Amino acid sequence: MMAESNAEPVLLRQHRSERFLAAVGPYSRVVLVSHVNPDPDALASMLGLQTLIELRQPGKPVVMTVDGMIARAENRAMVELLPIPLIPIEALIIGPDDALVMVDSQPGTGRRASEAVTPVAVLDHHETGGKLEGVHFRDVRANLGATSTMVTGYLLEQNVSVSPRLATALYYGIDSEVSGYPRESGPLDDGALVWLYPRADKDLLARIKNPKLSQDYFATFQHALANAFLYQDVVVSWCGVVPQPDIIAELADFFIRFDRVNWSLSVGLFGNLMKLSIRVAHLGAHSGEVLRVVVDGLGTAGGHDKRAGGAIPLPDTNPETIDQTLRLIRHRLLTKLEIDEQKGYRLLEASPIIQAP
Ligand SMILES: [Mn+2]
Numbered sequence: 005m006m007a008e009s010n011a012e013p014v015l016l017r018q019h020r021s022e023r024f025l026a027a028v029g030p031y032s033r034v035v036l037v038s039h040v041n042p043d044p045d046a047l048a049s050m051l052g053l054q055t056l057i058e059l060r061q062p063g064k065p066v067v068m069t070v071d072g073m074i075a076r077a078e079n080r081a082m083v084e085l086l087p088i089p090l091i092p093i094e095a096l097i098i099g100p101d102d103a104l105v106m107v108d109s110q111p112g113t114g115r116r117a118s119e120a121v122t123p124v125a126v127l128d129h130h131e132t133g134g135k136l137e138g139v140h141f142r143d144v145r146a147n148l149g150a151t152s153t154m155v156t157g158y159l160l161e162q163n164v165s166v167s168p169r170l171a172t173a174l175y176y177g178i179d180s181e182v183s184g185y186p187r188e189s190g191p192l193d194d195g196a197l198v199w200l201y202p203r204a205d206k207d208l209l210a211r212i213k214n215p216k217l218s219q220d221y222f223a224t225f226q227h228a229l230a231n232a233f234l235y236q237d238v239v240v241s242w243c244g245v246v247p248q249p250d251i252i253a254e255l256a257d258f259f260i261r262f263d264r265v266n267w268s269l270s271v272g273l274f275g276n277l278m279k280l281s282i283r284v285a286h287l288g289a290h291s292g293e294v295l296r297v298v299v300d301g302l303g304t305a306g307g308h309d310k311r312a313g314g315a316i317p318l319p320d321t322n323p324e325t326i327d328q329t330l331r332l333i334r335h336r337l338l339t340k341l342e343i344d345e346q347k348g349y350r351l352l353e354a355s356p357i358i359q360a361p
């Protein structure tokens, strides 16, 4: 395990969970926020902290919010089936009596729609360093696979009894973050998974993991497969206009499994945002750094070692604007990876279409 980076020995004698509760203690309400289009780790972390605060500081309202949308079908199933009541962040007025708690994200990383209020507490596991000045409580551990692992630790420290609903959420929050290969996780993540699994509702978990998918999901895969290009061990796929932004990450995950590639970049358009997702087949690639170079001056990016995401706001969505931006992104990525752009070719030939039966 990596050493603690910024912890002072005196503070370590107190549980993190106690320091967290002390930080939100003086406020009359807690507002939990996360990154745009929250993922299962963000959702489960909010649910866990809500349970913790409601038990230890009874009577205090704790609000869970959504910034953007619940995009992936799995995430929608999680929110609907558990359920997780969320309030759109733009519908809230955050005042001086509110403790803003940010999970699975850090201020000033471009992952949120608004940074108007400085959080009282930040819990995160991303390598993308944010602006943490003025943040009273910070628990940032990039050596962990999930924020849900931290929250599970807090619940254990505070002897909170974890319901099947919460255990299911936290288990899926961690599992969905660490199930890729190679794994970006540590013994604490595994310990949390082992502790949560017997407590989780396995039927509910199975329903969350296997939601029904709409036709546009398959159409996006078709588009991305038909518009995937190889440059040595890099595959760049253009997903077109996507029905929801998270599918771009799903396609990057899909293409990185191709046995001839080590880098996968998927790009798609959602509204006027060009969204990018990168995956690397090995650890030590610092893909977040690479993607930041790729979008420099155009947009924002960040993430983990072998997984990263970014977004570029386009002035318009004319085909020429899209085409120029795509070319620039591809050029920058291949230059950074020292790959000859001229040697690219289409991943698949057009497939024959049979007569409808
Ligand atoms: Mn996370």
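Going by our numbering, the sequence shown opens with residue 5, and the numbers climb by one from there. The beta carbon of each residue, even a glycine, is placed where N, CA and C say it ideally should be. Being a predicted model, the structure only gives us computed values, none of them experimental.
Checklist entry - Using DSSP with H/G/I as helix, E/B as strand and the rest coil, what is T69? => result strand
Checklist entry - Exposed or buried, which one is T321 when buried takes at least 16 other CB atoms within 10 Å? => result exposed
Next on the checklist: If you reduce the DSSP assignment to three classes, tell me which class T132 lands in.
Outcome noted: Reduced to three states, the DSSP call for T132 is coil.
Checklist entry - Is it the case that the Cβ atoms of D3 and L197 are separated by a distance below 8 Å? => result Not covered by the structure: residue 3. The range shown for the chain is 5 to 361.
Checklist entry - Excluding the five sequence neighbours on either side, which residues of its own chain have a C-beta within less than 7 Å of the C-beta of A7, listed in chain order? => result A caution first: A7 carries a pLDDT of 49, below 50, which makes its placement in the model too unreliable to give a value.
Checklist entry - Is K279 helix, strand or coil by DSSP? => result DSSP places K279 within a strand segment (E or B) once states are collapsed to three.
Item to check | 7 Å CB neighbourhood of H140 in its chain, flanking five on each side removed | outcome: A27, V124 and A125
Checklist entry - By a C-beta neighbour count over all protein chains shown, 10 Å radius and 16 as the cutoff for buried, is I333 buried or exposed? => result buried
Item to check | C-alpha distance - F274 paired with H290, whole-angstrom precision | outcome: 26 Å
Next on the checklist: Taking its Cβ as the centre, do 16 or more other Cβ atoms sit within 10 Å of I91, making it buried, or is it exposed?
Outcome noted: exposed
Next on the checklist: Count Cβ pairs between the segment 35-51 and the segment 168-179 that sit closer than 8 Å; are there 3 or more?
Outcome noted: yes
Checklist entry - Going by the CB atoms, is the gap between G52 and G306 shorter than 8 Å? => result no
Next on the checklist: What I want to know is whether the C-beta of E188 ends up closer than 7 Å to one or more non-hydrogen atoms of ligand 1.
Outcome noted: Distances between the C-beta of E188 and the heavy atoms of ligand 1 are all 7 Å or more.
Item to check | First through last residue of the alpha helix (DSSP H) which encompasses T224 | outcome: From DSSP, the alpha helix (DSSP H) with T224 extends over Q219 to A230.
Next on the checklist: Please classify V40 as buried or exposed, where buried requires at least 16 other C-beta atoms within 10 Å of its C-beta.
Outcome noted: buried
Checklist entry - Quick one, are the C-beta atoms of D71 and V37 less than 8 Å apart? => result Cβ atoms of D71 and V37: closer than 8 Å.
Next on the checklist: In the DSSP output, which residue or residues are listed as bridge partners for F350?
Outcome noted: Checking the sequence, you will find Arg at residue 350 rather than Phe. In DSSP, R350 forms a bridge with F233.
Checklist entry - Should A305 be listed as close to ligand 1, given that the test is whether its C-beta is under 7 Å from any heavy atom? => result no
Next on the checklist: Taking 6 Å as the limit, name every residue whose beta carbon sits nearer than that to some heavy atom of ligand 1, in sequence order.
Outcome noted: D45, D108, H129, A150, T151 and E181
Checklist entry - Unbroken beta strand (DSSP E) runs of length 3 or more, entirely within the segment 70-128: which are they? => result 102-107 and 125-128
Checklist entry - Since P89 and M68 are thought to touch, with beta carbons under 8 Å apart, how far apart are those beta carbons, to the nearest angstrom? => result 7 Å
Next on the checklist: Measuring only the C-alpha atoms, how far is M5 from P356?
Outcome noted: Any reading at M5 needs caution, since the residue's pLDDT is 45, under 50, leaving its predicted position unreliable; the model's value is listed next. If you take the alpha carbons of M5 and P356, they lie about 52 Å apart.
Checklist entry - Between M50, V297, I57 and N276, which lies nearest to P249 when the distance is taken from Cα to Cα? => result N276
Checklist entry - Per DSSP, what kind of secondary structure is M50 in: helix, strand or coil? => result helix
Checklist entry - Rounded C-beta distance between L208 and T55? I'm assuming under 8 Å. => result Contact flag wrong, Cβ pair sits at about 17 Å.
Item to check | Test item: CB-CB of R304 and G314 under 8 Å | outcome: Residue identity check: residue 304 is Thr in the sequence provided, not Arg. Taking 8 Å as the Cβ cut-off, T304 and G314 qualify as a contacting pair.
Checklist entry - With distances taken from CA atoms, which of D237, G292 and L287 is nearest I343? => result The option with the nearest alpha carbon to I343 is D237.
Checklist entry - Nearest-angstrom Cα distance between V66 and E58? => result 7 Å
Checklist entry - Quick one: any contact between the segment 227-237 and the segment 249-269, if contact means 3 or more CB pairs under 8 Å? => result yes
Checklist entry - Is G292 helix, strand or coil when you go by DSSP? => result helix
Checklist entry - Whose C-beta lies closer than 7 Å to the C-beta of R17 among residues of the same chain, with five residues either side of it excluded? => result none
Checklist entry - What whole-angstrom Cβ distance do L148 and L192 have, given they're in contact under 8 Å? => result 6 Å
Checklist entry - What first and last residue would you give for the alpha helix (DSSP H) that runs through I343? => result Per DSSP, I343 belongs to no alpha helix (DSSP H) and is neither H nor E.
Next on the checklist: Here's a check: name, in chain order, each residue in its chain whose Cβ is nearer than 6 Å to the Cβ of A77, leaving out the five neighbours to either side.
Outcome noted: P215 and L217
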